[in-house]
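If you use the numbering used here, the sequence shown corresponds to residues 426 to 676, in order. Virtual Cβ for every residue (Gly too), placed ideally from N, Cα, C. Only a predicted model underlies this, so the values are computations on that prediction, with no experimental measurement involved. Here is the structure we will look at.
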Amino acid sequence: FRESFVKEAKLMARLNHPNLISVFDFGEIEGMLYIVMEFVDGDTLYEKIYGKQLEQQEALEITISICRGLANAHEAGILHRDIKPANIFITRSGIPKVGDFGLARPSGDTETGVIFGTPGYTAPEVLKAPEKVGPATDIYAVGVMLYELLSGKIPGKLYEPITKYAKCNPVIDRLIRKAVSAKLEQRYSSSEDFADDLDEIFRKTKKAQSKSSNSPLLAKSTKPANLAVGSLSKSKSANSAKRGLQSPPQK
């Protein structure tokens, strides 16, 4: 335990990114190990999405942040190896932070015969070719997680389009398929690239929504509609007054 604890603390202390939980200090006092970490006032992503499906933009925003944080870890030569909703923390202000680096290892540090990760989020190479484990292994888990955020479940052995379960841009399905490809050569090799592709969809959707809400056509049609409602209300009131009708009693 001591060796594992010190290894995790040293790895995390090397990282510095707003989407990664920071470690400020660690050591031992009178035989008791301690670690000083950033306090995250919030819940895990698992708690946030339990029994739910997120809207496209929220799911993309969370995933993009996770990818950016992992890119920082990968640049430092560190693999997380256990990306899943329970290891992602969401602050009260909505900032995602990757935590629990208990299974993290320096890139290229393989352990023969050791199976790591969580079933459903574990990339094929972990079982079949551990010597090929790398940043793309974390990316696979992120792809599974994005599918889960949108659909409420992880992909099955027979992949089904995300659009079957969620209302989202069809291009997202292509990106997820690339992230969770069983073939390493077809998968994203950089989480930064995955984030950039997702961010492009996020920005385009946001721009389209903004244009739609500020549409001159909608602005013109709003006033006559309100006038029509007002006229109808006045007409009903006048007819009621003439007949001496009263409103139904409140229950």
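Counting only unbroken stretches of 3 or more residues, the beta strand (DSSP E) elements lying wholly within the segment 487 to 570 are 513 to 516, 521 to 523, in sequence order. The Cβ neighbour count for LEU458, taken over all protein chains shown within 10 Å, is under 16; the residue is labelled exposed. When the Cα atoms are used, PRO544 and ILE454 turn out to be separated by approximately 37 Å. Under the Cβ criterion (8 Å, minimum of three pairs), the segment 479 to 493 counts as touching the segment 615 to 631. For the pair ILE446 and LEU574, the CB atoms are not nearer than the 8 Å cut-off. Beta-carbon to beta-carbon, ILE513 and PRO521 are separated by about 6 Å, close enough to satisfy the 8 Å threshold. Note on geometry: alpha-carbon atoms of ARG517 and TYR613 lie some 31 Å from one another.
As the crow flies, the alpha-carbon of THR469 is around 21 Å from that of PRO580. Note that the C-beta distance between GLU556 and LEU609 is not below 8 Å. ALA434 sits close to PHE451, with the two beta carbons spaced by under 8 Å. The DSSP-derived three-state label of TYR459 is strand. Take the alpha-carbon of LYS582 and the one of VAL523: they are about 26 Å apart. Taking a contact as a CB-CB distance under 8 Å, the pair ILE503 and LEU436 counts as one, their CB atoms being some 5 Å apart. Per DSSP, reduced to three states, the secondary structure at LEU445 is strand.
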